[in-house]
Amino acid sequence: MRVRNMPLRELRTKPWGTMASRQNRLRILISAAVALAALAVAPALAASAASAPSAATVAVPRLVWRRCASPEERGFQCATARVPLDYSHPRGPTIQLAVIRHRASDRAHRIGTLFFNPGGPGTSGTATLPLILKILPAALQARFDIASWDPRGVGASTAVKCLPTAQDEMRFLHGMIAGESFPVGRAEVNRWLARYRVFDRLCAARNRHLLRHVSTADTVRDLDLLRVAVGDRRLTYFGGSYGTFLGATYANLFPGRVRALVLDGNLNPIAYVSRQLRANRGRFLSTNLRVRADQSSARVLNAFLALCGRIDTARCAFSAGSAAATRAKY
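FYI, in my numbering the residues of the sequence shown are 51 to 380.
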């Protein structure tokens, strides 16, 4: 079996709301949306991708499922998928993706596979799925195989490695944050910037070919191959945080291949992909600054300190008796 590879189309949507949700809301969202036979995807996302010419045919990976090795993954099956490094050259070098699944308990009434991405980017799906499975409704676990994967560049998949060993990376990163968990003042900021520049150079030197192909569009094409590999005609998907951007990009690339999407804690896709803001006079901004995550975090922290300071330590252990004193304690 082969699938068609389509080019990426620009996302054009309105801002998509706020981050994070509670577990009860998450259960309701997943139960309701995933159970739909189909989900109407916004026409703006579909754009003209449906009529885009195919760029190449890609061989679908063969998944050989086995019992997972880790004790934390008891009851799960693991497999490895080989996918193209560069989808522009689908018959060229390949990389591997680590995949994990939990089988549907009601095999007679199984609907298909629900793919889950926890966000990030850079979060391991194989490590996260065993944790999130505990909060998913029993009815969902009965009717769906629930699967995830380590995206390219991450974890047990072909990973970006900036230093020879994981221990070397930990030591280097510890040197970046020791004593300065959040840089304050020009001197600390300059030390952080200098250290990050060194880290960037190390990563680029060791991963020059891989880094060119670690992107949202590449990951979405990987997901489409995994969908076909498990035998699903259309995708059933749940993504949180950055995983919502993956889901939106999938719907844009492959609008006719979507069965149901649950996108929770949505990113604003335009802000996420824009390289600069006019308010910053055209200077480059990191992703978090582009979406103003620093300002949102500051507002949340200030609200917490004010609320905590108004109550006693029995209800908020960090309280210093007043909002002002709690702020000073922080």
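Every residue, glycine too, gets a C-beta built ideally from N, C-alpha and C.
Listed in chain order, the non-local C-beta contacts of Ala-364 below 7 Å within the same chain number zero, local neighbours out to five positions each way being set aside. Inclusion of Phe-288 and Phe-126 in the CB contact set at 9 Å is not warranted, their separation being larger than that value.
Exposure of Asn-240 is indicated by the presence of fewer than 16 other C-beta atoms within 10 angstroms of its C-beta. In the displayed model, Gly-359 falls within a helix according to three-state DSSP. The C-alpha of Ser-369 lies about 36 Å from the C-alpha of Pro-187. Boundaries cannot be given for Thr-208, as no beta strand (DSSP E) includes it and DSSP labels it neither H nor E. By the criterion of at least three beta-carbon pairs nearer than 8 Å, the stretch 272 to 286 is in contact with the stretch 294 to 312. With contacts defined as CB atoms closer than 9 Å, Phe-194 and Thr-286 qualify as a contacting pair. Remark: C-beta atoms of Ala-206 and Thr-176 approach each other more closely than 9 Å. Beta-bridge annotation (DSSP): Asn-302 is not paired with any residue. DSSP places Cys-366 in the coil class of the three-state scheme, outside both helix and strand.
Around the beta-carbon of Pro-180, 16 or more other beta-carbon atoms lie within 10 Å, marking it buried. Per the C-alpha coordinates, the member of Asp-156, Ser-138, Ile-161 and Val-133 positioned closest to Val-149 is Val-133. Annotation: Gln-345 to Asn-316 spans about 17 Å, alpha carbon to alpha carbon.
In the DSSP assignment, Phe-166 is bridged to Phe-288. Here Phe-194 is bridged, per DSSP, to Gly-162. Counting along the chain, no alpha helix (DSSP H) covers Leu-311; the unbroken beta strand (DSSP E) around it starts and ends at 308 to 314.
Residue Ala-189 holds the alpha-carbon nearest to the alpha-carbon of His-159 among Pro-140, Asp-250, Ala-189 and Cys-128.
Under the three-state reduction of DSSP, Ala-109 is assigned to strand. With respect to the C-alpha of Tyr-322, the residue from Asp-314, Pro-305 and Arg-340 having the closest C-alpha is Arg-340. Per DSSP, the unbroken alpha helix (DSSP H) holding Leu-243 starts and ends at 235 to 256. The beta carbons of Arg-256 and Leu-223 sit no closer together than 9 Å. Secondary structure note for Val-149: it is in no alpha helix (DSSP H), and the uninterrupted beta strand (DSSP E) holding it is 144 to 152.
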